[in-house]
Amino acid sequence: MLVVAPARALIRLVPVLVVLLITGRSDDPIRLWISVGITALVVLAGVVRWRTTQYRITPERVELHSGWVRRQRRSVPRDRIRTVDLTATPLHRLFRLNVVVVRAAGTGTEHRHGGLELDAVGAAEGDSLRAELLDRVEVAPPRVGGDAPVAPHLPAPSLASDPSDTAATPDGSAPPDGSAQTAAVGPPGPGAATGTVGTGAPAAREPVARRSAPSTVELARLHWSWVRFAPLTFSALAGVGAIAAAAFNLLNELGLSPRRIGVEAAAERLARTPLWAAIGLVGAVLLLVAVVGSVVLFVERWWGYRLTRESQDGARWGRLQVRRGLLTTRSLSVAEDRIRGVAVHEPLLLRAGRGAQARVLSTGLGRDAQGGALQPPAPRAEAHRVAAAALARLHPDVRPDPTRTPLTRHPPAATRRRFTRALVPAGLLLVATVVAGEVWPALGWLWPVALFLVPLAALLALDRARALGHALSPVYLVSRLGGLSRRTVALQRSGVIGWRVRQSPFQRRAGVVTLEAVTAAGQGGYPVLDIAPGTAVALIDKVSPGLTSSGVPLEEPSEI
Amino acid sequence: MQTGSPVPTALPLRPPAHRVDPRAVGWWRLRGLAGAAAVALPQLVVVIVLGGPSWLVGTLIATVVAGLAYAAVVPRILFRIHRWEITDEAVYTLSGWLVREWRIAPISRVQTVDTEHGPLQQLLGLASVTVTTASARGPVTIRGLATADAAELARQLTETTQAAHGDAT
Numbered sequence: 253m254l255v256v257a258p259a260r261a262l263i264r265l266v267p268v269l270v271v272l273l274i275t276g277r278s279d280d281p282i283r284l285w286i287s288v289g290i291t292a293l294v295v296l297a298g299v300v301r302w303r304t305t306q307y308r309i310t311p312e313r314v315e316l317h318s319g320w321v322r323r324q325r326r327s328v329p330r331d332r333i334r335t336v337d338l339t340a341t342p343l344h345r346l347f348r349l350n351v352v353v354v355r356a357a358g359t360g361t362e363h364r365h366g367g368l369e370l371d372a373v374g375a376a377e378g379d380s381l382r383a384e385l386l387d388r389v390e391v392a393p394p395r396v397g398g399d400a401p402v403a404p405h406l407p408a409p410s411l412a413s414d415p416s417d418t419a420a421t422p423d424g425s426a427p428p429d430g431s432a433q434t435a436a437v438g439p440p441g442p443g444a445a446t447g448t449v450g451t452g453a454p455a456a457r458e459p460v461a462r463r464s465a466p467s468t469v470e471l472a473r474l475h476w477s478w479v480r481f482a483p484l485t486f487s488a489l490a491g492v493g494a495i496a497a498a499a500f501n502l503l504n505e506l507g508l509s510p511r512r513i514g515v516e517a518a519a520e521r522l523a524r525t526p527l528w529a530a531i532g533l534v535g536a537v538l539l540l541v542a543v544v545g546s547v548v549l550f551v552e553r554w555w556g557y558r559l560t561r562e563s564q565d566g567a568r569w570g571r572l573q574v575r576r577g578l579l580t581t582r583s584l585s586v587a588e589d590r591i592r593g594v595a596v597h598e599p600l601l602l603r604a605g606r607g608a609q610a611r612v613l614s615t616g617l618g619r620d621a622q623g624g625a626l627q628p629p630a631p632r633a634e635a636h637r638v639a640a641a642a643l644a645r646l647h648p649d650v651r652p653d654p655t656r657t658p659l660t661r662h663p664p665a666a667t668r669r670r671f672t673r674a675l676v677p678a679g680l681l682l683v684a685t686v687v688a689g690e691v692w693p694a695l696g697w698l699w700p701v702a703l704f705l706v707p708l709a710a711l712l713a714l715d716r717a718r719a720l721g722h723a724l725s726p727v728y729l730v731s732r733l734g735g736l737s738r739r740t741v742a743l744q745r746s747g748v749i750g751w752r753v754r755q756s757p758f759q760r761r762a763g764v765v766t767l768e769a770v771t772a773a774g775q776g777g778y779p780v781l782d783i784a785p786g787t788a789v790a791l792i793d794k795v796s797p798g799l800t801s802s803g804v805p806l807e808e809p810s811e812i
Numbered sequence: 291m292q293t294g295s296p297v298p299t300a301l302p303l304r305p306p307a308h309r310v311d312p313r314a315v316g317w318w319r320l321r322g323l324a325g326a327a328a329v330a331l332p333q334l335v336v337v338i339v340l341g342g343p344s345w346l347v348g349t350l351i352a353t354v355v356a357g358l359a360y361a362a363v364v365p366r367i368l369f370r371i372h373r374w375e376i377t378d379e380a381v382y383t384l385s386g387w388l389v390r391e392w393r394i395a396p397i398s399r400v401q402t403v404d405t406e407h408g409p410l411q412q413l414l415g416l417a418s419v420t421v422t423t424a425s426a427r428g429p430v431t432i433r434g435l436a437t438a439d440a441a442e443l444a445r446q447l448t449e450t451t452q453a454a455h456g457d458a459t
């Protein structure tokens, strides 16, 4: 960390320096001085942060103390840790560092960001931290949080070896209370050892024998043919925007005006060509940029993708591990006993290309879109296979794959509601545009567009209606919904920790309700749209039998 | 909630046993009026100070009428609908006016029990009890309980949930 933050600031300074070198003078000296000043401040802040940030791992908690002016103490109980995420940007990798993000189960309202970010610890330390925090050994030894200076010439730690996984410091530098030991976060560069742990790695390694190497099973790896799905994802489009913005920024920093590199001349020439040709050309260029950009992003994100299951001998549960990334390497670990289900996402475009993506629902994974992605966009069959493989250890004898369970269709009212919900707004829009066209003739071109939207809305409604379905397998509650972003969710019945049933006035007239299974994982709740009230109660009754037998008696039993 | 019809349009579950405190009607009424006032006052100020356009007078009157109508009618409906029950197995509530919502949280999954007194609630001697589970979507709130009832309920729930083991996820 001591190195990374200032280095980042220095990199930001590079374009200015380049301009200085090229032109021999800066046309904006103030900007240069501001940059230098900011960099000095950042370096200073980095030093202060490094000096004041400490973490320690006790048998019960992981604690992070930070801040100089505003001191912060955050701690996470170890038994609540759900996932450990290792990320390394190219800069971090240069110094063999990792950002370790420890995520804990939040109680929803209380700890919105229930987790800690350790930026940055040594690569080996990160791996051993992960192993230690996720594999809950019955009696965890008091751990030495520190660091472990990885000698620069040591080979990168593999998953199988944890050189710094010491049970205790042999040199007796543990604090008097013997419970824990603190160390500065971030292996300092050479010569700046924290002094809390002896650097004699071999001696320290001796007591480790109690933890054997984990056994690793590979569940999936990258196939380069999947690159064809890259342009079909929305995040790819967003990424293209980011690239364009970055390129523009760079040009700006270099002091190059778009005019000087001929953009204006090109625009003029374009303006002289016929309209259809211009539109076609611009469209083709945009498409090309989108495709190339999304492929580049795909490669950066998913290079070296591997999904593995690792488990210690004798431990009942292992952990799923997703490793990926070309420049920025990412590695997500999910404790297997924290998995509550899987989801297969099929956004419209990806579905059109017969692709899908499997995600894991685990307590402690955030609600953000990428949360829990187990694989890159992949062929549909592969997505279902990975989803099933992720759950295989939890429920070995479930057939068929949970996300491919045949689903019960929803009542006709559900289909009708999809159509009314899509067509009524489209119709209102059409009426509004027709009226607007009558009143202001200048807006006369609007209503044909609105008219064009009506059949689109109908198609979308049909698609959404066909998606609806639910099923109850012996282990899972499976539900599917959505058109633009379709998803099939298989939620463990034991992972359901509550129920919400909603009924709007329209649903009351149609005689349906929306049942939401509340869970600690993923988005927190997964709805089953528009089912008959009796079906909803029967589902609740079957998934949580205790509730309706003694708690909330049924008035009239019904069949699913 | 009418039941017994061949095709039940509401949930075929027995509604929770207890009503909220009758003073909750007053609380909902005050809240409705306060909300209407928050919308009406800026309009009033504009009309008086700046002599606003005539349509603003119209919206102002509409706001006041809607607020009064809401305060007169809706709180009673809310009182009729809102119900709660704590059994050995679950916390069970029914709430809502236009959109009805049934919430069930198994006792074994309850993590925290909070009691809350807003300023209006304090005025009327009311309290809300919120029962949280491990899910962000899971909290179950019982609003408009008498203060003493709420305290007793929270105590009872805390006792019950302490007996449960595990981290309830």
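Just so you know, the sequences run in chain order A and B. Each number in the working numbering comes from the position in the first sequence (counting from 1) with 252 added on. Each number in the working numbering comes from the position in the second sequence (counting from 1) with 290 added on. For every residue, glycine included, the Cβ atom is placed at its ideal position computed from N, Cα and C. As the structure is a prediction and not an experimental result, all values here were calculated from the model.
Contact under 7 Å by Cβ, P628(A) with W555(A): Reading the first sequence from its first residue, position 376 is the one you call residue 628(A). Reading the first sequence from its first residue, position 303 is the one you call residue 555(A). Not a contact, by the Cβ cut-off of 7 Å.
Along chain B, in chain order, which residues have C-beta atoms closer than 8 Å to that of E768(A)? Locating residue 768(A) in the first sequence gives position 516, where the first residue counts as 1. Those are R427, listed as they occur along chain B.
What are the start and end residues of the beta strand (DSSP E) that includes P329(A)? As a working mapping, residue 329(A) is identified with position 77 in the first sequence. Unbroken beta strand (DSSP E) run through P329(A): 324 to 329.
For E588(A), name the three-state secondary structure that DSSP assigns. In the first sequence, counting from the first residue as 1, residue 588(A) sits at position 336. If DSSP states are grouped into helix, strand and coil, E588(A) belongs with the helices.
Consult DSSP for A372(A) and reduce its assignment to one of helix, strand or coil. Mapped onto the first sequence, residue 372(A) falls at position 120. Reduced to three states, the DSSP call for A372(A) is strand.
Where S796(A) falls: helix, strand or coil (DSSP): Position 544 of the first sequence holds residue 796(A). In the structure shown, S796(A) sits in coil (DSSP, three-state: anything other than H, G, I, E or B).
Rounded to the nearest angstrom, how far is the Cβ of A380(B) from that of A361(B), given a contact under 8 Å? Counted from its first residue, the second sequence places residue 380(B) at position 90. Counted from its first residue, the second sequence places residue 361(B) at position 71. Contact doesn't hold; Cβ gap of about 33 Å is too wide.
So, does the CB of L449(B) fall closer than 7 Å to a CB anywhere in chain A? On the second sequence, position 159 is the one that residue 449(B) refers to. In the sequence as displayed, the identity of residue 449(B) is Glu instead of Leu. Not an interface residue.
In whole angstroms, give me the CA-to-CA distance for E384(A) and G577(A). As a working mapping, residue 384(A) is identified with position 132 in the first sequence. As a working mapping, residue 577(A) is identified with position 325 in the first sequence. Using only the alpha carbons, I get a separation of about 24 Å.
Check the Cβ-Cβ distances between Q755(A) and every residue of chain B, and say whether any is below 7 Å. By one-based count along the first sequence, residue 755(A) stands at place 503. At least one chain B Cβ lies under 7 Å of Q755(A).
Once the 5 residues before and after R590(A) are set aside, which same chain residues still bring their CB inside 7 Å of it? Indexing the first sequence from 1 puts residue 590(A) at position 338. These residues qualify, in order along the chain: R334, S614, T615, G616.
CB contact check: I749(A) to chain B, cutoff 7 Å: Here the question's residue 749(A) lines up with position 497 in the first sequence. Output row for I749(A): interface = yes.
Buried or exposed by the 16-neighbour rule on C-beta atoms within 10 Å, applied to A523(A): Working through the first sequence from its first residue, we reach residue 523(A) at position 271. Classification of A523(A): exposed, given that the 10 Å Cβ count is below 16.
Can you give me the start and stop residues for the beta strand (DSSP E) that R393(B) sits inside? In the second sequence, counting from the first residue as 1, residue 393(B) sits at position 103. Taken as a continuous stretch (DSSP letters only), the beta strand (DSSP E) holding R393(B) covers 390 to 396.
On the three-state DSSP scale, how would you describe G593(A)? Translated into the one-based positions of the first sequence, residue 593(A) becomes position 341. In this structure, G593(A) counts as strand in the three-state DSSP scheme.
Length-filtered (4 minimum) alpha helix (DSSP H) runs lying within the region 511 to 590 of chain A: Runs of the alpha helix (DSSP H) inside the region 511 to 590 of chain A: 515 to 524, 527 to 554.
Under 8 Å, with one C-beta from each stretch per pair, do the region 776 to 789 of chain A and the region 707 to 722 of chain A reach the 3-pair mark? Judged by Cβ distances under 8 Å, the region 776 to 789 of chain A makes contact with the region 707 to 722 of chain A, as three or more pairs qualify.
Beta-carbon neighbours of E391(B), restricted to chain A and to distances below 9 Å: If you number the second sequence from 1, residue 391(B) lands on position 101. Chain order gives the chain A residues near E391(B) as R752, V753, R754, Q755, where near means a beta carbon separation below 9 Å.
How would you write the range of the beta strand (DSSP E) that A356(A) sits in, first residue to last? Sequence index remark: in the first sequence, residue 356(A) carries index 104 (1-based). Here the beta strand (DSSP E) through A356(A) covers 349 to 356.
Could you check which residue in T304(A), S327(A), R673(A), T305(A) has the C-alpha nearest to that of P311(A)? Translated into the one-based positions of the first sequence, residue 311(A) becomes position 59. Here the closest residue by C-alpha is S327(A).
Chain A partners of I432(B), CB-CB under 9 Å? Numbered from its first residue, the second sequence carries residue 432(B) at position 142. Ordered by position in chain A, no residue passes the 9 Å Cβ test against I432(B), which lies about 15 Å from the chain.
How should W374(B) be labelled, buried or exposed, when 16 other C-beta atoms within 10 angstroms of its C-beta is the threshold for buried? Numbered from its first residue, the second sequence carries residue 374(B) at position 84. It is buried - the Cβ of W374(B) has at least 16 other Cβ atoms within 10 Å.
Taking 6 Å as the cut-off, is the C-beta of V328(A) nearer than that to any heavy atom in the ligand NAP? With respect to the ligand NAP, the structure offers nothing, as it holds no ligand at all.
Just checking my contact of R645(A) with G747(A) at CB under 8 Å: how many whole Å lie between their CB atoms? Position 393 of the first sequence, counted from the start, is the residue given in the question as residue 645(A). Position 495 of the first sequence, counted from the start, is the residue given in the question as residue 747(A). That pair is no contact at about 15 Å.
Assign H407(B) to one of three DSSP states: helix, strand, or coil. Taking the second sequence and counting its residues from 1, one reaches residue 407(B) at position 117. If DSSP states are grouped into helix, strand and coil, H407(B) belongs with coil.
Stretch pair the region 332 to 347 of chain B + the region 362 to 369 of chain B: three plus CB contacts closer than 8 Å: Flag = no, the region 332 to 347 of chain B and the region 362 to 369 of chain B do not touch.
Selection from R669(A), V687(A), R732(A), L680(A) that minimises the alpha carbon distance to Q759(A): The residue you call residue 759(A) lines up with position 507 of the first sequence. Comparing Cα-Cα distances from Q759(A) to each of R669(A), V687(A), R732(A), L680(A), the minimum goes to R669(A).
Do you know how far the Cα of R558(A) is from the Cα of A376(A)? The count along the first sequence starts at 1 and reaches residue 376(A) at position 124. The count along the first sequence starts at 1 and reaches residue 558(A) at position 306. Near 19 Å, if we compare the C-alpha coordinates of R558(A) and A376(A).
Pick from D337(A), D331(A), R348(A): whose alpha carbon is nearest that of V586(A)? Here residue 586(A) refers to the residue found at position 334 when the first sequence is read from its first residue. Ranking D337(A), D331(A), R348(A) by Cα distance to V586(A) puts D337(A) first.
Please report the Cβ distance between A424(B) and Q401(B), rounded to the nearest whole angstrom; I am assuming they are in contact, meaning their Cβ atoms lie under 8 Å. In the second sequence, counting from the first residue as 1, residue 424(B) sits at position 134. In the second sequence, counting from the first residue as 1, residue 401(B) sits at position 111. About 6 Å; that satisfies the 8 Å criterion.
On the DSSP bridge list, what partners appear for T422(B)? Residue numbering aside, residue 422(B) sits at position 132 when the second sequence is read from its first letter. For T422(B), which the question treats as bridged, DSSP gives the partners T402(B).
Answer with yes or no whether the minimum CB distance from T771(A) to chain B is below 7 Å. Translated into positions along the first sequence, residue 771(A) becomes position 519. Interface residue, yes.
If you draw a straight line from the C-alpha of G734(A) to the C-alpha of I290(A), how long is it? Position 482 of the first sequence, counted from the first residue, corresponds to residue 734(A). Position 38 of the first sequence, counted from the first residue, corresponds to residue 290(A). Going from the Cα of G734(A) to the Cα of I290(A) covers about 48 Å.
Proximal residues of chain B, C-beta to C-beta of G605(A) below 7 Å: Walking along the first sequence from the start, residue 605(A) turns up at place 353. Under the 7 Å cutoff, chain B gives no residues; its nearest Cβ is about 32 Å from G605(A).
When you compare only the Cα positions, how much space is there between L484(A) and V638(A)? As a position in the first sequence, residue 484(A) is number 232, starting the count at 1. As a position in the first sequence, residue 638(A) is number 386, starting the count at 1. Taking the straight line from one Cα to the other gives about 20 Å.
Nearest-angstrom beta carbon gap, T740(A) and T655(A) [assumed within contact, 8 Å]: The sequence position of residue 655(A) within the first sequence is 403, counting from 1. The sequence position of residue 740(A) within the first sequence is 488, counting from 1. T655(A) to T740(A), Cβ: 5 Å. Contact.
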